[in-house]
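Remarks on the structure that follows.
Numbering (my numbering), first residue to last: -15 to 65.
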């Protein structure tokens, strides 16, 4: 899935754990271990994502400004380097 996203031109990604908002929603099928988030972040960076946030409590809006600035700086480095 990461490769497909990157191939489609995606530059920013947040990787997180699904949390069931209520008993009416789909149940959590498994809990992702913290090390898996580290490995997924590393894989995303190796694929060329310019901004990556990965963790069990990461949300797409959480620190979105910082993630965008990180990607913009990386893009600037690519165009200048």
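Cβ atoms here follow ideal geometry from the backbone N, Cα and C, with glycine treated the same way.
Give me the DSSP bridge partner(s) of residue i.
i, result
"residue 35", "-4"
Give the secondary structure of residue i by DSSP, where H, G and I count as helix, E and B as strand, and everything else as coil.
i, result
"residue 47", "coil"
"residue 14", "coil"
"residue 42", "coil"
"residue 1", "coil"
"residue -11", "helix"
"residue 8", "coil"
Taking 8 Å as the CB-CB limit, is residue i close to chain C?
i, result
"residue 10", "Judged by its chain identifiers, the structure shown contains no chain C, having just a single protein chain."
Roughly how far, in whole angstroms, is the beta-carbon of residue i from the beta-carbon of residue j, given that I think they are within contact range, below 8 Å?
i, j, result
"residue 28", "residue -14", "6 Å"
"residue 18", "residue 40", "7 Å"
Open item on the list: Taking 8 Å as the cut-off, does the stretch 33 to 40 touch the stretch -6 to 5 (at least 3 CB pairs, one atom from each stretch)?
Closed with: yes
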